[in-house]
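Single-structure report; data block below.
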Amino acid sequence: MNKKIFLGLALFSLTSFGVLTACGKKESLKSEQKEITIATNANSKPNTYMVDDKLTGFDIELARAVFKQLPEYKIKFQVIDFNSVLSGVDNGRFQMAANALSWTPERAEKYNYSLPLSKSATSVAVKPDLKVKTLSDLAGKTTEVLPGVQVATMLETWNKAHPDQAMTLNYMDASYPLTSYVADVASGKSDFVIYDQISLTQIIQQNGYQLKVTPIDLGETDKHTGFNYFIFGKDTKDKALQKKVDTILIKLKKDGTMSKLSEKYLGGDFTPKEKEMKDDEN
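Those letters in the sequence shown? Residues -22 to -1, 1 to 260, per mature numbering (1 follows the signal peptide of the UniProt record, and there is no 0), in order.
The following block contains the structure:
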């Protein structure tokens, strides 16, 4: 056989083998990836929302940044109503939730929490002429709340302890967006809404409402107050996933990725301090 032809065939064979091997490795990696479904209601701007049918927001983009460094997982997002976000994690339908989620003792019994993602002061949105420093300044006022969330529980506790100064709580459906809560204060349908400072400020600015946002003194608060988290299930696999996510969150905090995402989506660096990103088992 002609030497040139022989060498050409040999080179072609080696090249083809290398390409096939590389393709084989890629296919093997894909086949070994574990699929993770992350639940969100896409209705808690700026943490999770839709833009031109694309899911985005601080929590969402941070989750994408985390799993970009965890190639053993393939993620997909499931947009669903808020109540189903938590129940879906509880029954194993979803492996993780990203939805501006706060910490409560009741949730901590059922779910594992990530390290904190952001921190924002609990604040109240009211008309400019209403001065509010503490809950007592809201006595007799009306607000809208979602049953079971931290704010609703707090106000229910206040009402029981101060029946002569009770607030009127109108319970809303989970599909009722935060933007509507704020709009109802602007229109006078309700007197105030309590939520995090970041979200309230953004909604008011974007809609030009004549409202003010003021941090409210809640007295002695839990160490988790103001923090936002990812949530996971409670079994061994869920715990292993949470630990991996926490490891990457610390890296993203140190390399500035978390701060950049916070600046872009939250309007400032609202990320926790490194000393606040400690695993204290909830």
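For every residue, glycine included, the Cβ atom is placed at its ideal position computed from N, Cα and C. Remember, predicted model here, so these are calculated numbers, not experimental data.
Enumerated in chain order, which unbroken segments of the beta strand (DSSP E) with a length of 3 residues or greater are wholly contained in the stretch 172 to 222?
-> 190 to 193 and 205 to 210
Member of Pro193, Lys88 and Leu178 whose CA lies at the smallest distance from the CA of Gly186 = Leu178
Are the stretch 140 to 147 and the stretch 108 to 117 touching, with three or more C-beta to C-beta distances below 8 angstroms?
-> yes
Got a sec: is the Cβ-Cβ distance from Ser158 to anything in chain B below 9 angstroms?
-> The structure shown contains no chain B; it is built from a single protein chain.
Assign Asp224 to one of two classes, buried (16 or more other C-beta atoms within 10 Å of its C-beta) or exposed (fewer than that).
-> buried
Are the stretch 205 to 215 and the stretch 51 to 60 touching by the rule of at least three beta carbon pairs closer than 8 angstroms?
-> no
CB-CB under 7 angstroms to Leu(-12), same chain, minus the five flanking residues each way: which ones, in chain order?
-> Because the pLDDT at Leu(-12) is just 48, under 50, the model does not fix this residue reliably, and the point stays unresolved.
Taking the alpha helix (DSSP H) that Asn148 falls in, what are its first and last residues?
-> Per DSSP, Asn148 belongs to no alpha helix (DSSP H); it is in the beta strand (DSSP E), Thr146 to Tyr149.
Could you give the distance in angstroms between the alpha-carbon of Pro155 and the alpha-carbon of Gly234?
-> 31 angstroms
Classification of Met74 by the beta-carbon crowding that lies within 10 angstroms, buried from 16 upward = buried
Can you give me the Cβ contacts of Pro250 inside the same chain, cut-off strictly under 6 angstroms, excluding the 5 residues immediately before and after it?
-> Pro94 and Lys97
Please report how far the alpha carbon of Leu239 lies from the alpha carbon of Gly35, in whole angstroms.
-> 9 angstroms
Neighbour-count burial assignment, Ser101, 16 or more Cβ in a 10 Å radius = buried
Exposed unless 16 or more other CB atoms sit within 10 angstroms - verdict on Glu39 | buried
Confirm, please, whether the CB-CB distance from Lys231 to Ser237 is below 9 angstroms.
-> yes
Give me the Cβ distance between Val110 and Thr192, rounded to the nearest whole Å; I'm assuming they're in contact under 8 angstroms.
-> 6 angstroms
Beta-carbon gap between Ser80 and Val127 smaller than 9 angstroms = yes
Three-state secondary structure assigned by DSSP to Ala164 | helix
Just checking my contact of Lys122 with Tyr159 at CB under 8 angstroms: how many whole Å lie between their CB atoms?
-> For the record, residue 122 in the displayed sequence is Glu; it is not Lys. That belief holds up - the Cβ atoms of Glu122 and Tyr159 are roughly 5 angstroms apart, short of 8 angstroms.
State the DSSP-derived secondary structure class of Phe248, mapped to helix, strand or coil.
-> coil
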